[in-house]
Every structure is written in C-alpha cells, then in structure tokens.
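Q: Here you go, one structure.
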Amino acid sequence: MKLLRYGPVGAEKPGVLDGAGRIRDLSGVIADIGGAAIVDFGWASGLDIESLPVVEGVPRLGACVTGTGKFICIGLNYADHAAESGLEVPPEPVVFMKATSAIVGANDNVIIPRGSVATDWEVELGVVIGKTAKYVSEAQALDHVAGYCVVNDVSERDFQTKRSGQWTKGKSCDSFGPIGPWLVTRDEIGNPQNLKMWLTVNGETKQDGSSETMVYGVAHLVSYLSQFMTLHPGDVISTGTPPGVGMGFKPPQYLKAGDVIELGIEGLGTQKQRVVADD
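As structure tokens, then:
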C-alpha cells in the first residue's frame with residue numbers, strides 16, 4: 001500500500017492511493033498513519049480500497065507518518081558521497097539526530113533560516129519503524145520496518161560544520177525534513193538496496209544515484225541502532241545520500257529563495273519544494 005496523510009497542517013487525515021493514483025479516504029478505517037496502524041496492518045486485510053471515498057481535488061500532503069519520536073540520520077553512508085566530501089568511509093555508521101520539529105510535508109516550502117548562506121539538499125531513503133526494535137539481529141531487522149519513504153535531508157552546511165559542536169543544529173531548522181509523499185509498505189519494496197534516486201534544482205540534475213551504493217544497508221542500520229536505543233513505531237531513519245550535494249561542487253552551490261527542488265526514489269514517489277526566505 002501507498003499510505004499518506006492529506007489536509008491542512010495539524011488537521012491531516014489518513015489516506016491511501018488506489019490503482020489509478022487517486023487518494024482514498026481512510027479515516028473511516030483508522031485514525032491516522034502512525035502508532036497502532038503501522039504496528040499491525042491487520043486492518044488492511046480484506047480492505048477494498050476501491051470502495052473507500054475518493055478525495056477530490058489536489059489536497060496538501062502532510063508528512064506520511066505521524067507520532068515520530070526519533071528522526072535519526074546516518075552520515076557519509078555512500079562511498080561516493082564521502083569521497084566528494086573529502087572524508088573517509090567510517091568504520092561504523094555515523095549517527096546524528098534531526099529535530100522532529102523539522103518535519104514537514106513532501107511539497108511544503110523549504111525555508112532558508114536567518115543568517116544562512118549554505119542551505120543544501122540531500123535526497124535520502126527513509127525507513128519507518130513499524131514494530132518496537134531492541135537488540136534485534138540483522139536477520140530480524142526488516143521485520144521491524146513498516147515501510148519506506150522519500151526524505152529530503154535539508155542541511156545548513158555552515159551551521160553544521162563551521163559553528164563547532166555537533167551536526168544537529170545544521171540539520172534541524174524548521175522545514176528541513178520533508179517526508180513523503182507516501183509511506184510505501186515493506187511488501188511493495190522487494191529490495192531496498194536497489195532503488196534509483198534523484199534530485200534536481202530548477203530542473204537541473206544534481207543527484208543521480210542508487211541505494212545499492214550504500215555502505216551500510218537498511219537491515220544493518222536497523223539492527224545497529226537497536227543496540228544503542230529502542231526504536232519505536234513511527235521513528236524515521238534517514239539513511240544517507242548519494243553524491244551531488246551542493247557542498248560537493250567546486251565552488252559549492254547552495255539554495256536561494258525562489259529555487260525549486262524536485263526529488264524522488266524509485267517506487268516511493270516524488271517531492272517538490274519551493275525555497276523561501278525566513279521572514
């Protein structure tokens with residue numbers, strides 16, 4: 001299934017895409033996309049999607065999952081991206097957190113924060129946890145995944161690398177976490193390590209890669225993280241980006257107000273964001 005949340009900010013309703021790509025209202029079946037609904041998909045057994053009410057028009061799409069307690073990111077997880085950053089591939093996954101207040105819908109505006117001169121883009125494969133994971137093995141890890149989504153790990157590079165301390169403050173500005181458009185359930189993605197991914201700015205291709213070049217794959221990451229913290233339903237893991245980020249160009253290329261970012265991952269849909277300045 002391709003699950004989604006639609007409607008105004010703070011008043012989103014659960015939905016699902018039908019075979020024709022239309023949004024169907026799920027609010028008569030489940031309360032929202034998150035919590036119990038993604039722990040056990042028993043509610044979907046025998047569900048006739050075509051019988052659900054059609055959502056008319058083109059509503060705003062919210063983040064594809066609610067109740068995210070942890071937004072965990074993995075750095076330098078593509079060998080070619082590490083190379084463009086001038087850094088070695090790490091011997092273990094680089095883990096950092098992104099504030100959940102950064103989460104927005106897939107097509108919401110990206111806001112350049114005050115004082116920023118180095119706001120950057122990163123298309124990433126997002127992993128949504130469905131079942132509590134604590135000390136799980138790599139062989140069991142994917143059993144704890146509800147599904148996958150597109151993430152734009154928007155980053156302010158000066159805040160991240162030149163302001164001392166940890167990366168979090170360069171990753172957590174408002175709007176720096178577009179998630180969606182859909183939560184695609186795990187059964188629809190046979191191999192998360194073989195998905196094409198891309199990103200353009202103003203129609204010009206910047207990133208053109210594949211999850212097959214990940215250093216640490218999804219199963220490894222879920223297992224690894226579960227050794228240090230319990231992963232709960234709704235938690236999101238953003239698994240790293242292929243090369244082509246603005247920081248990697250010579251000279252660097254960064255976002256400015258008026259730019260349009262488009263990105264997508266095979267089977268997981270696309271995002272489109274307009275870049276605006278903070279007021």
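Under UniProt numbering, the first residue of the sequence shown carries the number 1, and numbering increases by one thereafter.
Don't be surprised by glycine CBs; every beta carbon is placed ideally from N, CA and C.
(1) Use the C-beta contact count for PHE249: other C-beta atoms within 10 angstroms, 16 or more gives buried, fewer gives exposed.
(2) Provide the residue(s) that pair with LYS131 in DSSP beta bridges, ordered along the chain.
(3) Could you pull out every residue in the same chain whose Cβ sits closer than 7 Å to the Cβ of ASN77, ignoring the five residues on either side in sequence?
(4) Mind the definition here: the region 130–145 touches the region 160–179 only if three or more C-beta pairs lie below 8 Å; say whether that holds.
(5) Nearest-angstrom Cα distance between PRO91 and GLY75?
(6) Classify MET97 as helix, strand or coil using the three-state DSSP reduction.
(7) What does a CB cutoff of less than 6 Å around LYS272 pick up in its chain, not counting 5 residues either side in sequence?
(8) Apart from the five residues on each side of it in sequence, which residues of its chain come closer than 7 Å, Cβ to Cβ, to residue 282?
(9) According to DSSP, is ALA63 helix, strand or coil?
(10) Could you give the distance in angstroms between the alpha-carbon of ALA158 and the alpha-carbon of ALA102?
(11) According to DSSP, simplified to helix, strand and coil, what is MET247?
(12) Between SER226, GLU266 and PRO252, which lies nearest to ALA141 when the distance is taken from Cα to Cα?
(13) Can you name the start and end residues of the alpha helix (DSSP H) that SER172 belongs to?
(14) Assuming VAL218 and PRO192 form a contact by the criterion Cβ under 8 Å, report the distance between their Cβ atoms to the nearest whole angstrom.
(15) Does the separation of the CB atoms of LEU47 and VAL29 fall below 8 Å?
(16) How many Å lie between ASP18 and ASP235 at the Cα?
(17) Which of helix, strand or coil does DSSP assign to VAL154?
A: Short version:
(1) Here residue 249 corresponds to residue number 249 of the sequence shown, with the count starting at 1. Result: exposed.
(2) If you number the sequence shown from 1, residue 131 lands on position 131. According to DSSP, LYS131 bridges with nothing at all.
(3) In the sequence shown, residue 77 corresponds to position 77, counting from 1. Answer for ASN77: PRO93, MET214, VAL215, TYR216, THR239 and GLY240, listed in chain order.
(4) By the Cβ test, the region 130–145 is not in contact with the region 160–179, since fewer than three Cβ pairs between them sit closer than 8 Å.
(5) Within the sequence shown, residue 91 is the residue found at index 91, counting from 1. Within the sequence shown, residue 75 is the residue found at index 75, counting from 1. Whole-angstrom Cα-Cα distance: 12 Å.
(6) The count along the sequence shown starts at 1 and reaches residue 97 at position 97. Three-state result, MET97: strand.
(7) Reading the sequence shown from its first residue, position 272 is the one you call residue 272. Here the set comprises ASN107 and GLU262.
(8) Residue 282 lies beyond the stretch modelled for the chain, which goes from 1 to 279, so this question has no answer here.
(9) Looking up residue 63 in the sequence shown gives position 63. Reduced to three states, the DSSP call for ALA63 is coil.
(10) In the sequence shown, residue 158 corresponds to position 158, counting from 1. In the sequence shown, residue 102 corresponds to position 102, counting from 1. One point to set straight first is that residue 158 is Asp, not Ala, in the sequence displayed. Rounded to the nearest angstrom, the two C-alpha atoms are 18 Å apart.
(11) Indexing the sequence shown from 1 puts residue 247 at position 247. MET247: helix per DSSP, three-state reduction.
(12) On the sequence shown, residue 141 is found 141 positions in, with the first residue counted as 1. Cα-wise, what sits closest to ALA141 is SER226.
(13) As a first step, residue 172 is located in the sequence shown; it is residue number 172 there, counting from the start. Per DSSP, SER172 belongs to no alpha helix (DSSP H) and is neither H nor E.
(14) Numbered from its first residue, the sequence shown carries residue 218 at position 218. Numbered from its first residue, the sequence shown carries residue 192 at position 192. Rounded, the Cβ-Cβ distance is 5 Å, consistent with contact.
(15) Here the question's residue 47 lines up with position 47 in the sequence shown. Here the question's residue 29 lines up with position 29 in the sequence shown. Yes, these two residues count as a Cβ contact at 8 Å.
(16) Translated into the one-based positions of the sequence shown, residue 18 becomes position 18. Translated into the one-based positions of the sequence shown, residue 235 becomes position 235. The alpha-carbon atoms of ASP18 and ASP235 are separated by roughly 26 Å.
(17) By one-based count along the sequence shown, residue 154 stands at place 154. Three-state DSSP puts VAL154 in coil, outside helix and strand.
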